[in-house]
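Protein chains in written order, with the numbering used here: chain X, 110 to 494; chain C, 110 to 494; chain B, 110 to 494; chain F, 110 to 494; chain S, 110 to 494. Every residue gets a Cβ at the ideal spot worked out from N, C-alpha and C, and that includes glycine.
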Amino acid sequence: MVGKHRQPGNIVTRRDLIREGEIDIQMEYFYDVPGSMPGTLRIPSDALPPIIGLIDYNEQKAVRLQLGTPEECAPHLDSESVSWLDVKGLGSEDVLQRLGQVFDLHPLVLEDVVNVPQRPKVEEYDDQLLIIARMVTPTESGSSFHQEQVSLILGRHYLLTVQEEPEFDCFGAVRDRIRTAKGIIRKRGADYLAYSLLDSIIDGFFPILEIYGEDIEELEDAVVESPTHQTLERIHTLRRELLVLRRAVWPMRDTINSLIRDGSDLISEDVRIYLRDCYDHTVQVLDMVETYRELASSLMDVYLSSVNNKMNEIMKVLTVISTIFIPLTFIVGIYGMNFDREKSPFNMPELDWYWGYPLCWVLMIVIALSLIAYFKRKGWFENVS
Amino acid sequence: MVGKHRQPGNIVTRRDLIREGEIDIQMEYFYDVPGSMPGTLRIPSDALPPIIGLIDYNEQKAVRLQLGTPEECAPHLDSESVSWLDVKGLGSEDVLQRLGQVFDLHPLVLEDVVNVPQRPKVEEYDDQLLIIARMVTPTESGSSFHQEQVSLILGRHYLLTVQEEPEFDCFGAVRDRIRTAKGIIRKRGADYLAYSLLDSIIDGFFPILEIYGEDIEELEDAVVESPTHQTLERIHTLRRELLVLRRAVWPMRDTINSLIRDGSDLISEDVRIYLRDCYDHTVQVLDMVETYRELASSLMDVYLSSVNNKMNEIMKVLTVISTIFIPLTFIVGIYGMNFDREKSPFNMPELDWYWGYPLCWVLMIVIALSLIAYFKRKGWFENVS
Amino acid sequence: MVGKHRQPGNIVTRRDLIREGEIDIQMEYFYDVPGSMPGTLRIPSDALPPIIGLIDYNEQKAVRLQLGTPEECAPHLDSESVSWLDVKGLGSEDVLQRLGQVFDLHPLVLEDVVNVPQRPKVEEYDDQLLIIARMVTPTESGSSFHQEQVSLILGRHYLLTVQEEPEFDCFGAVRDRIRTAKGIIRKRGADYLAYSLLDSIIDGFFPILEIYGEDIEELEDAVVESPTHQTLERIHTLRRELLVLRRAVWPMRDTINSLIRDGSDLISEDVRIYLRDCYDHTVQVLDMVETYRELASSLMDVYLSSVNNKMNEIMKVLTVISTIFIPLTFIVGIYGMNFDREKSPFNMPELDWYWGYPLCWVLMIVIALSLIAYFKRKGWFENVS
Amino acid sequence: MVGKHRQPGNIVTRRDLIREGEIDIQMEYFYDVPGSMPGTLRIPSDALPPIIGLIDYNEQKAVRLQLGTPEECAPHLDSESVSWLDVKGLGSEDVLQRLGQVFDLHPLVLEDVVNVPQRPKVEEYDDQLLIIARMVTPTESGSSFHQEQVSLILGRHYLLTVQEEPEFDCFGAVRDRIRTAKGIIRKRGADYLAYSLLDSIIDGFFPILEIYGEDIEELEDAVVESPTHQTLERIHTLRRELLVLRRAVWPMRDTINSLIRDGSDLISEDVRIYLRDCYDHTVQVLDMVETYRELASSLMDVYLSSVNNKMNEIMKVLTVISTIFIPLTFIVGIYGMNFDREKSPFNMPELDWYWGYPLCWVLMIVIALSLIAYFKRKGWFENVS
Amino acid sequence: MVGKHRQPGNIVTRRDLIREGEIDIQMEYFYDVPGSMPGTLRIPSDALPPIIGLIDYNEQKAVRLQLGTPEECAPHLDSESVSWLDVKGLGSEDVLQRLGQVFDLHPLVLEDVVNVPQRPKVEEYDDQLLIIARMVTPTESGSSFHQEQVSLILGRHYLLTVQEEPEFDCFGAVRDRIRTAKGIIRKRGADYLAYSLLDSIIDGFFPILEIYGEDIEELEDAVVESPTHQTLERIHTLRRELLVLRRAVWPMRDTINSLIRDGSDLISEDVRIYLRDCYDHTVQVLDMVETYRELASSLMDVYLSSVNNKMNEIMKVLTVISTIFIPLTFIVGIYGMNFDREKSPFNMPELDWYWGYPLCWVLMIVIALSLIAYFKRKGWFENVS
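Put into structure tokens, the structure is as follows:
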């Protein structure tokens, strides 16, 4: 999924990238074997083995550890400090099951975490809050995005996050803020940490939207100036990818809204104010996705119309040239006839005239000029030039 | 409705299958004779005689019996163990009426069970909960789906399920789980069993959607590369079948939602948590159906535009060739005229020139080349090659 | 409004029938003179004189009478038995006013009953419930439907129904059930009777929908195989008629829903369960109307595309033939030129060659074949055959 | 805004009327100078001076007066009889300000009354209810409508109505009912009067809709039979005017609904029942507007398709004639070549044949006939005739 | 962003202005670095340094000061008089941070104020109400609009407003009303001032809409009379700009509505009545934007159809001229053939006829006239003239 180095002068459409497997924006579908037991884990075949990282902090100190097994984090969970266990990769059923035991997860929680992709949602369990979110990160080639599911399980003093893949992540800035004790993050609990991560996820949509905004501006010029097959494919791909984005963002909005409205007591009043801000950003993302969708739809109209206009210009050229030469060719055909001039004075006497040939040319030039004048008056030359 | 064996290299469109009667995705309509008495059973003419199976289990043991008459299950209904009576086939009014007596069904319940298709819904009666669901199963030919109604009547210690046809079913895995006591199913009541079946039904939509997802990807290539009449028909069929799916899933969502929200005391709090999971899957199915519908609609636009583009290329070829040869033909016409050169020195002196014929060719080649240059500058050769 | 006898081989479009006045699916509009007094009756000019029928029944007996004047039913209204007064035809203001006095109707009730068409609705008055419904019945020619308003006024022990026309009616089966004491109808009150009639009205939509379903299937073949002007008109007519149906069914759904939810004490709990069933059917009708509307809209796309495809084939034929012959005609034009071969050895020496003419043919055949090969490679012959 | 006398045979499109200034259906916009003080009156520059009429009635008597100044009505306001002050014309700020003082109007009420057009709405003030409505009246030329704002200010014993223009009005019938004591209007209070006026306003939409219904029927024939530029303009104008109507009716519905639901105690329970009837009519108007909008949109599709069909017929004629004559012209070109028959026996020996010329004709006729047969088999002559 | 002086006769499209950077209606997007700390200020790179103005007034007096630092306003905040601090320009993080300290702003409030553009919204904090609004002002060139964010922070006795840019503003009239004590503004508190500013902002949309209304009317003529590429671009630009307007107004409606419904006690009952009026205007703006959007969409249809019609006329000319001359050219070709008349009496005896040539002309004229008659009968000349 990493973009190879490309020559700058080489135009590569997003569709090419999709074909080459570099971009992964197909409509992923959730797949559950009908009749399978609830709680059955379906590990994706290409999943990478999980990497387990722990950050444990309070106002005074912050430690970061790389763990070998989920059980190693157990001592941290009971302390009053905030423990953030970050699991990246879904490639081991054993590790995930043991994780479930350490955190005492409901079988359905574990299923939702592992059987990706799930729809973003928030669910309350006895002492835990499960938040499913969808994270997008720009690809290296910079022309599209990579998406994965992030599951957050919020407890009293801990936060467990599970990501699909070790590679992509937009939590770096949050880790830095914890390390450097920047802002108030070290003074707050696990709920503030969960908010910070959600906020990072939502803000991660903006760079993607920026790319699409530029795409649309490019396409707006392209559809008018040089509408080609490629333009058509790009518009369709754009609409398709905006549908994917929309599918990701809509439920995020509901998720964050229900965190604000009917969230459990795991989230403090204070953090709810911050979540309101996060909610605003989600609405803004959604707003822009919908706006872009409408623009893409309008672009399709303009594209069709532009192609039509190009065609019309071509047809005009054909019409103008045909229509001028057809009568002329008729005339030269007349004087190519072989009527026997000796048999009758009425048989093509023009051929014997002294000025016959020049007069014929004069006639033809007059016809051509009057046709051109007629077309000019009709305005046919306006776009043909 | 069983797919015949097909040669792999032989392309068969879904429409062909529909014509051959192998696929059955027409818009089925409910038909009730106006003024008919409520509770009137309308047995479909091609219904097969019912097969009655009973599974009776508790934590300790599980038995599976094939029953001859509905009355045989009466002794099982009173016991504390969970009794699952599975009736497959609607072909006998007598059996169905007796079933109604054994389970003490309201006449309207029996009507809804028999007079298929009904809209999915949940209805509460005194001691029973009627759940109407729609089950889809892939056909053997693998290219489309078969749909039928499944009615679940949930009582305190029993579950009665009625299927339209004996052949198709997605409950095999649930039966295995009961037999092998896998998971917690043997420890729970009839409500958990009902949940398990509903979950199987919903999960049964995913393989179907996977097929449509692949169809759309195929069509996305087809509309751009080789848009034919067949492509058009496939898009229309796709839209039509997605409409059928949507009609099936929308009310399922409401059904499961009302089971969660205002369900009776026949469903325990515990099972409601599991139903929430089932609800999420339904929303996901719906989400995908809507996404596919939008894509199909966008495909139509692309198809129309592609066909247009093909046409434009053809018109360009015509225009280019006509426009080049029309002036040339005019010129050769001129020198085919029979003006009498002896009568006047002005009458086509070119014909007598020493270099006349070669000069004529030079003139024509110059005209042709300048026209070609003009077309090239206008970019007409870009797609014509 | 009765279909004349038609020859079977004679294709008659629905539009023809409309023109001939046999079908009556125009957008009827309610018309009230601005400023007219509430309660003003507006008798349609072509209304037929009312026929008044009375059915009076209880569990023991059922009598059916034809009444001359509304007042004759007065004695029946006070008895405990259920009295169903069925008035067919709106052609006499006098009779309608007297009816209003006998049943003590609010002026607005009488206005709604007479000034058809009203939107389906339910309204509660002191001791009465006014239900306005829309009834559709298939026409004899079987190709479309006839619609009229049915007003039901439900009292404690009586039901007054007013129909627009004496001729069409779908209550026959209900009358039979009363006469033969089939089912439980004779054991229940006037509310059950009202439910039975509403159920008949709703079920009356299904045969109509069946016709449209077949129409759509026919059109699906027609638009692909032989799209003509007639097809276009049929699609437009279909859309128009589905709009009419939708206008009729939407408010019916709300009507029945409000009967279930906030109905007065004139409707017993028991009957509400039956009305739930009736509501389900209404939703199903609506569902199908909406599905058909979407299909009709998709058909329009397919039609336009099919017409386009036909056109493209025609243009291809023109292009192929023109493009092959234009260069050939140019060549034969060349050798029709009259350059003087005696004046110069460069002037068309080909004309003097021994193999000149055969070589000319060879050249032309080579050109024609390479053009044909080019077109074949471009795939232009695929649909032209 | 008065239609001039027109010759019956002279077709005048609605657009012509708009251009001539006779019809006034442009999108009017409310204009408020940014930052202007609330309560600032913006008298339209072409407003006519107000005419003030008073009708004062109770069950016994009814008087109608023409007032010179607003203050003259003050004595009537305190009496128990119903006083209806009808102000027509907004052309004098002085009169309007004094009116505000006499009725003790809130500055915002006066602003809403004067600064037309406002959106229909209902607003409750201490002892008054402000109802803004939109009234449409057919123009004299009968082809379109005139719209203006009517403001109703309902007090305990009085009703103040303010109309934009003196000329148009649909309250004549209500005034007659008061004068002749027809119906119950003289027995009721000011709230019943307000209802009667609102009812008149709503019913005033029906004649307008009737015109549009006829327009649509005309257009339905026109788009199929003779689709011209004018048809296109008429469809666009229709859509535009239906948008105007919709903008007027939507808020009317909400207005009347809120009068019924949360109206103040100025409206008696009794009148609320009548308003329910009025609400039904509004819904019906809205229903029809939406239906017409859908039909107009479908008409656009049919128009485009019809124009396309016409074009296709023209192209078919071109194709048929070109395709038949192009090969023939090629043949006659061949035998116009000047290969020297004396130099070689292979050089065009056909020209020396005895039956050469007739055979040439036979060949050409055979080619023409087989092409015609081919076109006939392809069905190209079906619409060309 | 200031329009240069333009020659009146010089047509400048809005797109040109956008290209020249004079108009700024692109889809602005909010951009937050993922993972950035809440409260991080992101000063736009081209922001101008803030200008701080203070207006302090009560019923008796009103002073206006230009402040150097935010701290200078501190003494005014405690007094009972209303203090309006107006900050224009976001170009100094230092000033903005100090502003936050003086007014004791929550970090999220400051973020929303500075990190423009935010979605319009209202948020309640302890003693403050944050209102985010979007202000549009016409550009000097008069052909489009400039938009910026205005943040209002309402306290008990003060109002802090922050604007993006010093230059544009629609609050002049409000300042004048304070200075001249016109109306009641000097008698009311800070909430009335906030209302006045919001009202100015909303009313500022009307002149913009007026421009678009005129644009649409112009386009309505243009699409029918001279549909060009430019027209297409103008329609697309119109749709795009209306989308921008809609994005601005929708949340404004919700904002003002929530100020009315669940606003804090910072807003008095009295002012809420005025806000209702402001809400009505917002709904009206929205109404018009939606209406214009529908018209623009209908314009697109008309445009496409007009272009089609133009094309059809061109094709008709080609068809008419080709179809007339093709048979004639065939005829003259015939008599150009060189069949040897001496070898056979059947070889083109017409060439020897006495009246041969004149008869040939007669034949051709007859053919031409009958074709012209045929086309006339088909109505092809109607639009071609």
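Worksheet item: Which chain C residues are close to residue 423 of chain B, counting only those with a beta carbon under 8 Å from its beta carbon?
Response: Ordered by position in chain C, no residue passes the 8 Å Cβ test against residue 423 of chain B, which lies about 11 Å from the chain.
Worksheet entry | Pairwise C-alpha distance: residue 422 of chain F and residue 271 of chain F | 58 Å
Worksheet item: So, are the CB atoms of residue 441 of chain F and residue 442 of chain S less than 8 Å apart?
Response: yes
Discussion item. Does the CB of residue 122 of chain X have a neighbour CB from chain C at under 8 Å?
Written reply: In this prediction, residue 122 of chain X scores a pLDDT of 41, lower than 50, which makes its location untrustworthy; the coordinate-derived value is nonetheless stated afterwards. No, its Cβ sits nowhere closer than 8 Å to a Cβ of chain C.
Discussion item. Please tell me whether residue 481 of chain C has its Cβ less than 8 Å away from any Cβ of chain B.
Written reply: no
Worksheet item: Per DSSP, which one or two residues make a beta bridge with residue 267 of chain F?
Response: F:192
Worksheet item: According to DSSP, which residues form a beta bridge with residue 262 of chain X?
Response: X:239, X:269
Worksheet item: Nearest CA to the CA of residue 354 of chain C: which residue from C:338, C:402, C:201, C:462?
Response: C:402
Worksheet item: Roughly how many angstroms separate the alpha carbons of residue 152 of chain C and residue 224 of chain C, rounded to a whole number?
Response: 7 Å
Worksheet item: What separation, rounded to the nearest whole angstrom, lies between the Cα atoms of residue 409 of chain F and residue 165 of chain S?
Response: 60 Å
Discussion item. Let's test the definition: count the other Cβ atoms within 10 Å of the Cβ of residue 147 of chain B and tell me whether it reaches 16, buried, or not, exposed.
Written reply: buried
Worksheet item: Are residue 236 of chain X and residue 265 of chain X touching if we call contact CB-CB under 8 Å?
Response: yes
Worksheet entry | Chain-ordered chain F contacts of residue 414 of chain B [CB-CB under 9 Å] | Result: empty, since nearest Cβ-Cβ is about 11 Å, beyond 9 Å.
Worksheet entry | Closest residue to residue 192 of chain X among X:298, X:340, X:476 (Cα-Cα distance) | X:298
Discussion item. Closest to residue 349 of chain F by C-alpha separation, out of S:406, S:416, S:158, would be which residue?
Written reply: S:406
Worksheet entry | Contact set between the stretch 376 to 393 of chain S and chain F, restricted to residues whose Cβ is under 8 Å from the partner | 382, 383, 385, 386, 389, 390, 392, 393
Fill in: Rounded straight-line distance, which links the Cα of residue 302 of chain X to that of residue 489 of chain C
60 Å
Worksheet item: Of all the residues that make up the stretch 347 to 366 of chain S, which are near chain F by a beta-carbon distance shorter than 7 Å?
Response: none
Worksheet item: What residues from the stretch 448 to 460 of chain F come within 8 Å of chain B, judged by C-beta to C-beta, listed N to C?
Response: 448, 449, 452, 453, 455, 456, 457
Worksheet item: Alpha carbon to alpha carbon, what distance is there between residue 247 of chain X and residue 135 of chain X?
Response: With a pLDDT of only 46 at residue 135 of chain X, under 50, the local geometry of the prediction cannot be trusted, and no value is derived from it.
Discussion item. Tell me which residues share the same chain as residue 327 of chain S and place their Cβ nearer than 7 Å to its Cβ, disregarding the 5 neighbours each side in the sequence.
Written reply: none
Worksheet entry | is_contact[residue 441 of chain F, chain S] using C-beta, thresh 8 Å | yes
Worksheet item: Do you know how far the Cα of residue 199 of chain X is from the Cα of residue 156 of chain X?
Response: 6 Å
Fill in: Cβ-Cβ separation, residue 375 of chain C to residue 300 of chain C (assumed contact under 8 Å), whole Å
6 Å
Discussion item. For residue 324 of chain X, list the residues DSSP reports as bridge partners.
Written reply: Beta-bridge pairing links residue 324 of chain X to no other residue.
Worksheet item: Checking contacts by CB at 8 Å: is residue 279 of chain C closer than that to chain X?
Response: yes
Practice prompt. Can you give me the start and stop residues for the alpha helix (DSSP H) that residue 485 of chain S sits inside?
Written response: 465 to 486
Worksheet item: Does the pairing of the stretch 423 to 441 of chain B with the stretch 382 to 394 of chain C give three or more beta-carbon distances under 8 Å?
Response: no
Fill in: Contact between the stretch 351 to 365 of chain X and the stretch 423 to 437 of chain X (3+ Cβ pairs under 8 Å)
no
Discussion item. With a threshold of 6 Å on Cβ separation, who are the neighbours of residue 215 of chain S within its own chain once the five nearest residues in sequence on each side are excluded?
Written reply: 234
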